[in-house]
Amino acid sequence: MKNKTIDSAKLIFAVTVVLMHGFLLNTKYNDYLSGFFKNGLFRVAVPFFFIVSGYLFLRTINNGNAKRWFSHIIKMYIIWSVIYFYTLTPILKLQNESALRKIYLIIRGEITGVAHLWYIPALLLSALVCLIVKEKIVRHIKLTVFIIIMLWLTGVVLNWLFILRDNPNIFFYRNGIFFGIPNFFLGFILAKSEDLVHKVKINLKILVIVPLILTALESLFWTHVIKSCGNQFITSSDMLVSSPLLALAIFIVCLKRNDVEIFSGKERNFSMFIYYSHTLFISVSFYIFYNLSVWSGVAMPIEELATIIVIFLEYVIFSKFKDAIKNIV
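At position 77 of the sequence shown (counting the first as 1) the number is 66 in the numbering used here, and the numbers step up by one without a gap.
See the structure below:
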């Protein structure tokens, strides 16, 4: 049976990603209130997406649709990588770099995922590893949970080094190994244990409030650290120790309360369209509002206006072309 609450939560989290990439990462918002969102609450979105994918992947395997699933995700990756190729064109303008080096950087960018598309190769790797070791996951759940914890904590430590050293060359922690696999496997384990989850009586408020408090404290701590360091490259933290805990808690709530619907049953496709397309629309909106501000001589809150317009525009486009859009998400 379709879980309406999971799809609704995905849609809400997709909007938070737009808000974060639209204006919250701007350094002028480097205070503790925005830090709670960009270094904390909104960082739960992508772990939640991976948990959902891992949870649904068990059904995909049981239905014999794994090959079709991989084919679809690869097709999506190719389509959106072509669309976002423009983000790699600055590589062509690099000084003191050979043509061969530029080609290598472009290919590497396409493989690892341009902009926010890193999520897709991370998802593919997570699913492939899960498919290979699925029987061992079931037989050795405790060991799997230990591996999940170790992989995530390794990524968190690398993120700490990235922040403290203010060096973009360390930015290799957000990938399928340290980010994707831990959360994807969590979802897969939950799918295997779903009957137990439904049977166990849980105080859902406490389940969410405790990791929410931990996320708030951790986000405020890292906001303080980033402000104190005066970093040139880094204005936010990607991975928190508490993020998977809060994502997991919210996901369990979704399993317990599966009938929340906020967009007429179109939440899944709309959330994926928002996630895949938002960077493109934000770029265009920034460009338009920036030039409008220059032309008019009027100072505008460009990032905020562009973000609001993007959310509205994506809603309109999806409403008009939802049948076509479902083929590219």
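Just so you know, even glycine gets a beta-carbon here, dropped at the ideal spot from N, CA and C.
- The beta carbon of Leu179 sits closer than 6 Å to those of Tyr44, all from its chain and outside the five residues before and after it, given in chain order.
- Following the DSSP letters along the chain, one finds Ala238 inside the alpha helix (DSSP H) bounded by residues Ser232 to Lys245.
- Apart from sequence neighbours up to five positions away, the residues of its chain that approach Leu47 with a beta-carbon distance below 7 Å are Phe177, Ala180 and Lys181, ordered along the chain.
- CA-CA distance, His187 to Arg97, rounds to 43 Å.
- When the beta-carbon positions are compared, Ala238 and Val197 come within less than 8 Å of each other.
- The alpha carbon of Leu106 has as its nearest neighbour, out of Val118, Ser87 and Met65, the alpha carbon of Met65.
- With contacts defined by Cβ atoms closer than 8 Å, Phe259 and Phe252 form a contacting pair.
- Excluding the 5 residues flanking it on each side, Ala205 has same chain C-beta neighbours closer than 8 Å at Phe25, Gly29 and Leu30, in chain order.
- For Met65, the enclosing alpha helix (DSSP H) starts and ends at Ala55 to Ile72.
- If you look at Val122, you'll find it in the alpha helix (DSSP H) that goes Tyr108 to Arg128.
- Taking a contact as a CB-CB distance under 8 Å, the pair Leu112 and Ile62 counts as one, their CB atoms being some 6 Å apart.
- Of the other Cβ atoms in all chains shown, fewer than 16 fall within 10 Å of the Cβ of Met139; this residue is therefore exposed.
- Counting along the chain, Ile40 sits inside the alpha helix (DSSP H) bounded by residues Ala34 to Asn51.
- In summary, Pro200 is buried, with 16 or more beta-carbon neighbours lying within 10 Å of its beta-carbon over all protein chains present.
- In the three-state reduction of the DSSP assignment, Ala104 falls in the helix class, which pools H, G and I.
- Relative to Thr224, the option among Asp155, Glu207, Leu244 and Ile271 whose CA is nearest is Asp155.
- Pairing Ile202 with Phe151, the inter-Cα distance amounts to about 24 Å.
- Nearest Cα to Val273 within the set Ser285, Tyr73, Lys91 and Arg90: Tyr73.
- Excluding the 5 residues flanking it on each side, Tyr279 has same chain C-beta neighbours closer than 8 Å at Ile291, in chain order.
- Annotation: Thr(-6) to Val318 spans about 19 Å, alpha carbon to alpha carbon.
- Pairing Phe275 with Ala295 gives a Cβ-Cβ distance under 8 Å.
- Where Asp312 is concerned, the enclosing alpha helix (DSSP H) starts and stops at Ile291 to Ile314.
- Judged by their CB atoms, Ser232 and Pro36 are nearer to each other than the 8 Å cut-off.
- Burial is judged here by how many other beta carbons sit within 10 angstroms of a residue's own beta carbon; Pro79 has fewer than 16 and is exposed.
- Taking C-beta atoms under 8 Å as the contact rule, Lys(-1) and Leu14 fail to qualify, at a distance of about 21 Å.
- Put simply, the backbone Cα of Val41 is about 30 Å away from that of Tyr75.
- Collapsing the DSSP output to three states places Lys255 in coil.
- Between Val103 and His267, the CB-CB gap reaches or exceeds 8 Å.
- Rounded to whole angstroms, the Cβ separation of Trp58 and Tyr265 is 17 Å, and the two are not in contact under 8 Å.
- Just measuring C-alpha positions, the residue of Leu244, Val127 and Ile277 sitting nearest Ile298 is Ile277.
- Under the DSSP assignment, Ala205 falls in the alpha helix (DSSP H) whose first and last residues are Leu193 to Cys218.
- Counted as a single uninterrupted DSSP element, the alpha helix (DSSP H) harbouring Lys181 occupies residues Ile170 to Lys181.
- Trp149 is positioned such that its CB atom lies no closer than 8 Å to that of Phe167.
- The DSSP-derived three-state label of Gly98 is helix.
- Counting C-beta atoms within 10 angstroms of its own C-beta, Leu229 has 16 or more neighbours from the protein chains shown and is therefore classed as buried.
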